[in-house]
Every structure is written in structure tokens, then in C-alpha cells.
Ligand SMILES: *Cc1c(COP(=O)(O)O)cnc(C)c1O
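Residue numbers (the working numbering): 5 to 459.
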């Protein structure tokens with residue numbers, strides 16, 4: 005007989021993964037290489053090391069090693085907020101009256117409130133090991149900036165966060181958390197960089213954009229001695245660091261003999277989803293399971309459901325390497341959807357390749373439906389989810405309701421990436437009935453596709 009499965013399962017600190025799982029080493033074919041936008045040639049390690057930390061570049065280009073050891077110095081920081089719990093969503097199952105078993109991995113139990121701290125930890129550690137004094141980054145909604153502030157404080161690095169100006173005005177408390185951890189928060193565009201000054205001159209009074217914030221952060225990193233830029237999603241090494249989510253999930257579920265039929269995550273740049281699915285996708289690629297993988301994205305920014313699989317810039321300032329990925333075009337202007345962390349024009353090259361090879365099924369969800377699922381979940385499971393995470397909740401509910409109709413007892417695992425305490429303006433709008441859906445028309449998408457670089 006199967007053991008009674010507890011509501012919440014925590015692993016011990018000793019069970020924290022000792023290695024990351026490098027999904028790329030299991031893929032029969034690799035994604036196309038990054039291209040240097042200046043030459044059109046594949047990026048060399050040297051090209052990338054001008055911008056990113058050495059060890060991260062090594063990981064970025066590593067498709068050989070299945071397991072990559074997590075340094076003790078990273079594990080000691082991970083211990084302060086991991087392992088994270090696996091929850092059997094008994095109350096959501098009851099609410100949905102479904103025969104399905106639903107589990108979720110909760111990544112919101114740290115001060116930054118999301119999974120992003122997993123990669124911030126590794127990237128800040130490697131920056132320190134390399135002897136750097138400072139790092140820079142950009143943040144839109146603020147989760148990544150907060151996570152990196154915590155990691156920079158832990159390892160003793162200076163950090164400048166270029167925060168999209170409208171966000172820094174809309175979310176003054178996020179900004180204050182970052183400052184409390186010692187980060188210098190610069191509303192972007194700013195006059196601290198050439199890129200910022202240029203935009204300010206052209207568009208005085210602009211609220212800024214993620215592309216502009218990236219351009220400022222990269223410029224600052226390149227102009228400051230002993231400084232590098234770090235990125236919170238999309239890149240292969242970020243997915244690698246996030247594999248702790250999937251590895252812990254698997255260790256916990258294996259104890260109960262539970263194996264998911266369906267794994268679901270929300271997808272912005274793809275890092276949490278890539279990390280959650282890693283061990284199960286690795287087994288799928290070895291023919292050991294028939295697990296289904298569902299990536300939930302906002303209908304307002306539908307890169308995997310309606311985008312093109314093409315080379316594109318990773319940022320709208322067009323200064324980062326070109327990546328082959330599902331993309332809406334770096335010039336795509338996402339509507340003001342509240343899931344800020346999912347408003348990215350592209351998608352991780354690893355996930356894009358898996359999607360193109362039909363291993364991943366993407367779904368696009370409307371934000372009014374997403375918030376309805378968030379509220380339903382909060383009222384029965386207690387946790388107030390981030391709007392991004394609520395995309396995974398809705399996709400899981402949809403699967404569970406399908407099970408109710410068919411009587412199938414599927415095992416569903418989804419990633420609950422964070423909490424929504426800083427998203428109360430969005431909840432307010434939902435509660436007052438003023439939340440709107442934005443779904444781009446084909447003509448809107450064409451405008452974005454027109455910004456794709458010519459082959
Ligand atoms: C940033 C963020 C996401 C999306 O990022 P990915 O790289 O796609 O994982 C999802 N949920 C939360 C709470 C976030 O902060």
C-alpha cells in the first residue's frame with residue numbers, strides 16, 4: 005500500500021542537491037549557437053566573457069556534463085532558504101472535485117519572494133570567486149533585482165540595479181527592499197550611461213523599458229573595471245541553476261513512489277520551467293517516461309504559442325548576442341499585463357529547441373482567467389500567488405478539470421514560483437472588476453516580427 009502522502013514535505017538540508025542537472029547533455033540535438041551581432045559568427049567564450057562571469061560562460065557553453073557540482077560556497081547560501089517544500093494540494097483537489105493528484109513546488113518562501121534567488125546565489129558567488137568588485141543588472145517588476153540584492157549582500161559585492169522607471173515609481177517598496185540589502189537602484193533611463201542619456205534626450209519624460217534598462221546595465225558593466233553584468237533568466241546557465249527546483253521535487257516525490265504524468269510551469273524567459281522539468285525531461289529524452297510538459301504563458305505575450313522560431317536579439321536595445329528562440333521580435337511591445345515577469349519577447353533557447361522538437365506543449369492564458377484561478381487557489385490553499393505563478397495554477401486547474409470529465413487519475417506537478425505581496429495593485433484591479441485582457445492581433449504581432457534581424 006502507498007504511504008499516506010503528507011500535505012507538505014520538506015527535505016533535510018543534507019538532501020539539498022549536490023549537483024545541478026544540465027538538461028542540454030541529455031538532448032539529442034543542441035540549440036543553435038549564440039551569434040555575435042557584429043560578425044554574425046558563433047559567439048566564442050571570449051566574446052561572452054566581456055559581459056558575463058567566466059564560470060557562467062563555461063556553463064553556458066557546456067553541453068557535455070550531465071551533472072555539474074554545486075560549489076560548497078553556493079550550497080551554504082542555498083541552505084538559508086532551501087530546500088523548498090513540495091505540497092500535495094489536497095484542498096485544491098477537493099475544490100476542483102478532481103480524481104487527479106496535484107502537487108506543487110513552492111519557491112516563494114524567501115524574502116525576495118521567488119525562485120530567482122537560486123540563480124542569483126550562483127551568479128553572485130562566481131562573480132566573487134572571479135575577484136570582481138561589482139555587478140550590474142536590470143529589473144522590470146523587481147523580483148530579480150531583489151533576489152540579486154540579497155545574493156550580492158551575502159557575498160559582499162557592490163550591485164547597481166537599473167530599474168525600469170515606471171516600475172520603480174509603481175513599486176517603491178520593492179526598491180526599498182533592494183536598497184536595504186545594499187543595492188544602488190537607478191531608475192532607467194538615467195543619465196549615468198550613454199544609452200540612458202540618448203533615450204532621455206530623444207524621449208524626455210519616458211517611463212523606460214526593459215530593453216533600455218538592459219542596455220544601461222551592460223554599458224555600466226563594460227565601462228566599470230572589475231564589473232560584470234548578470235541576467236536572471238533565458239540563458240542556459242540560469243536554467244542550470246534552477247534545476248535545484250526539479251531535483252528537489254523528484255527526490256521528495258520519489259520517496260512516496262509518485263511520478264508526474266504532467267509537469268506544468270509558467271514561462272517568461274523559461275528559467276523556472278526549465279529548472280522544474282529538468283530531471284523529468286532528462287528521463288523523457290532517454291525514453292524512460294511519457295510525461296507531458298506544459299508551459300503556461302500570458303496571451304498578451306505569447307512567444308511560444310504564436311511566436312517565430314528564429315534568431316533574435318535577447319534585448320530590445322539589440323546589443324546582446326543573437327539567440328535562436330521562439331520570439332515575438334525584440335521590438336514587440338507587450339501590453340501592460342500584470343504578470344511583469346512573463347512579459348519577455350523571447351524564450352530560453354533550450355526550451356525553444358524542446359518546443360520545436362514537440363517535447364513541450366505551450367498554452368496561452370488570459371489574465372482575467374489567471375487572476376480568477378489565483379483567487380480560487382489563495383482561498384483554499386492559503387498562499388497568495390504571484391500573477392506569474394498563477395498562470396501555472398490555471399493550467400494545472402484546467403488539466404485537473406479535464407481529469408474530472410474523463411475520470412483519469414493523473415498526477416500533476418506544477419511550479420508555484422512566488423508570492424504576490426508586491427502585486428496588490430493588480431489584485432485590486434481584479435477585485436474591482438477593472439482588470440482587462442490584452443490579446444495582440446496578428447497585425448500587432450507582425451509589427452514585432454518586422455523587428456527580427458534579417459538572416
Ligand atoms: C521572473 C518570474 C517568473 C518568470 O521567469 P522565468 O525565467 O520564466 O522563470 C515567474 N514567476 C515569478 C514569481 C517570477 O518572479
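Heads up, the beta-carbon is just placed ideally off N, CA and C, and yes, glycines get one too. The structure displayed is predicted, hence computed values, not measured ones.
CB contact flag (residue i, residue j, <9 angstroms)
i, j, result
"residue 90", "residue 252", "yes"
"residue 456", "residue 320", "no"
"residue 140", "residue 164", "yes"
"residue 36", "residue 264", "no"
"residue 168", "residue 217", "yes"
"residue 370", "residue 302", "yes"
"residue 242", "residue 236", "yes"
"residue 401", "residue 234", "no"
"residue 126", "residue 156", "no"
"residue 123", "residue 290", "no"
"residue 62", "residue 420", "no"
"residue 25", "residue 327", "no"
Element boundaries [alpha helix (DSSP H), containing residue i]
i, result
"residue 255", "240 to 259"
"residue 373", "371 to 385"
"residue 391", "391 to 410"
"residue 191", "Residue 191 -> not in any alpha helix (DSSP H); beta strand (DSSP E) instead, spanning 188 to 192."
"residue 91", "Not the alpha helix (DSSP H): residue 91 falls in the beta strand (DSSP E), residues 90 to 92."
"residue 431", "428 to 435"
"residue 354", "353 to 360"
Given residue i as reference, the closest of the options once Cα atoms are compared
i, options, result
"residue 116", "454, 449, 422", "422"
"residue 294", "363, 232, 127", "363"
"residue 159", "132, 149, 168, 185", "132"
"residue 415", "178, 409, 404", "404"
"residue 329", "347, 339, 308, 345", "308"
"residue 439", "343, 454, 447", "343"
"residue 409", "79, 104, 18", "104"
"residue 175", "324, 144, 194", "144"
"residue 70", "406, 286, 318, 374", "286"
"residue 29", "14, 43, 66, 213", "66"
Residues that DSSP places opposite residue i in a beta bridge
i, result
"residue 139", "163, 232"
"residue 153", "None, per the DSSP bridge assignment."
"residue 266", "296, 416"
"residue 25", "71"
"residue 39", "46, 326"
"residue 118", "422"
"residue 368", "301"
Local Cβ density within 10 Å of residue i, reported as buried at 16 or more and exposed below that
i, result
"residue 385", "buried"
"residue 207", "exposed"
"residue 395", "buried"
"residue 119", "buried"
"residue 446", "exposed"
"residue 5", "Confidence at residue 5 is low in this model, with a pLDDT of 47, below 50, so the placement of that residue should be treated as unreliable; the coordinate-derived value is given next. Per the 10 Å Cβ criterion, exposed."
"residue 332", "buried"
N- and C-terminal bounds of the beta strand (DSSP E) containing residue i
i, result
"residue 56", "That residue, residue 56, is in no beta strand (DSSP E); it is neither H nor E in DSSP."
"residue 329", "326 to 331"
"residue 294", "Segment: none, residue 294 is in no beta strand (DSSP E) and carries neither H nor E."
"residue 317", "312 to 317"
"residue 108", "105 to 110"
Any non-hydrogen atom of ligand 3 closer than 8 angstroms to residue i Cβ
i, result
"residue 428", "This structure lacks ligand 3; its bound ligands are ligand 1."
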